[in-house]
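In UniProt numbering, the protein residues as written are 1 to 257. C-beta atoms are modelled at their ideal positions from N, C-alpha and C, and glycine is treated no differently.
The following block contains the structure:
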């Protein structure tokens, strides 16, 4: 960027503050975003202090910019200070993105325990399927160092709450492979509980897709370590279908549940 244009850009904040609406929080938010986008992170704190001195309430947008700024420079003290201020302000309501930004910041600093705490808080606030966001954070975890059981439990539990069984199962299989089955019963129990609440196979069965339902239920049995089983009604429906089709071998396989 030419020096002349850069100088003009740097003069924008001061010009904005001399406008008629100089005390409006909107103007300050625009300036905060300007500083963040131009890499003037050190000016963000002083501008937030100026807002406080002028009696201008800092809203969620302002604090979100501040949090993103601290995350970009891996300032753990700044991240925690901003989260504390936001949490103590009754006028600021967190959404799931606030915690995911903090989680990314902690991950960059190799503070995986704190990152997981943020992920759990994000999970409580999330609405709709935001699986991609969880997976981005998950990939950041794995780039840093060995990921332990607690991290797998957290990400799998979050995915199950979002009803994303397929990805939850893939992550479980990944962890199972890495740890050579030395995991105890914690993660399988998460999967069993989820399948008992919502079996994809039994869902297919209700929609009349019997063959698809049987394949899905077989997979669910394997994933659960054979501790989850389809309901008797579901098994009876499948067996009746196979008898009508005259497929005796599949009938035998079905009884192996």
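Check your understanding: Can the beta-carbon of residue 100 be found closer than 8 Å to that of residue 122?
Key -> yes
Check your understanding: Alpha carbon to alpha carbon, what distance is there between residue 204 and residue 37?
Key -> Between residue 37 and residue 204, the C-alpha separation is close to 49 Å.
Exercise for review: Return the chain-ordered list of same chain residues with a C-beta closer than 6 Å to the C-beta of residue 175, the five sequence neighbours on each side being excluded.
Suggested key: 152
**Study point:** Residue from 244, 139, 169 with nearest C-alpha to residue 216
**Key:** 169
**Study point:** Proximal residues to residue 120 (C-beta, below 8 Å), its chain only, five neighbours per side dropped
**Key:** 154, 158
Check your understanding: Quick one, which of 231, 229, 242, 232 has its alpha-carbon nearest residue 210's?
Key -> 242
Exercise for review: Take every Cβ of the region 58–76, pair it with every Cβ of the region 32–49, and state whether three or more of those distances are shorter than 8 Å.
Suggested key: yes
**Study point:** Beta-carbon contacts of residue 93 that lie in its chain and below 8 Å, excluding the five residues immediately before and after
**Key:** 60
Check your understanding: Does DSSP classify residue 164 as helix, strand or coil?
Key -> coil
Practice item. Please name the residue in 83, 164, 57 whose C-alpha comes closest to that of residue 27. Key: 57
Point to revise | C-beta neighbour in chain C for residue 232, strict 8 Å | key: Of the chains in the structure shown, none is chain C; there is only one protein chain.
Point to revise | residue 62, DSSP secondary structure in three states | key: helix
Exercise for review: Take the Cβ of residue 164 as the centre, count every other Cβ of all protein chains shown within 10 Å, and call the residue buried at 16 or more, exposed below.
Suggested key: Answer is buried; the Cβ neighbour count reaches 16.
Check your understanding: Do residue 111 and residue 76 have their C-beta atoms within less than 8 Å of each other?
Key -> Cβ distance < 8 Å, so residue 111 and residue 76 count as in contact.
Point to revise | 6 Å CB neighbourhood of residue 98 in its chain, flanking five on each side removed | key: None.
Exercise for review: Indicate the three-state DSSP secondary structure (helix, strand or coil) for residue 73 in the structure shown.
Suggested key: coil
Review point. Whose C-beta lies closer than 6 Å to the C-beta of residue 212 among residues of the same chain, with five residues either side of it excluded?
Key: 204
Practice item. Can you tell me which of 124, 125, 166, 103 puts its alpha carbon nearest to the alpha carbon of residue 139? Key: 103
**Study point:** residue 25 versus residue 78 - alpha carbon distance
**Key:** Residue 78 has its alpha-carbon roughly 21 Å from the corresponding atom of residue 25.
Check your understanding: Considering only residues of the region 85–110, which uninterrupted alpha helix (DSSP H) runs meet the minimum length of 4 residues and lie entirely inside it, listed in chain order?
Key -> 96–108
Exercise for review: Identify which residue in 234, 82, 54 has its Cα closest to the Cα of residue 207.
Suggested key: 234
**Study point:** Contacting residues, own chain, Cβ-Cβ under 6 Å from residue 143 (five flanking each side not counted)
**Key:** The answer is none, since no qualifying residue turns up.
Check your understanding: Should residue 87 go down as buried or exposed, given a rule of 16 or more other Cβ atoms within 10 Å for buried?
Key -> exposed
Review point. Can you give the Cα-Cα distance for residue 41 and residue 70, rounded to whole angstroms?
Key: Roughly 8 Å between the two C-alpha positions.
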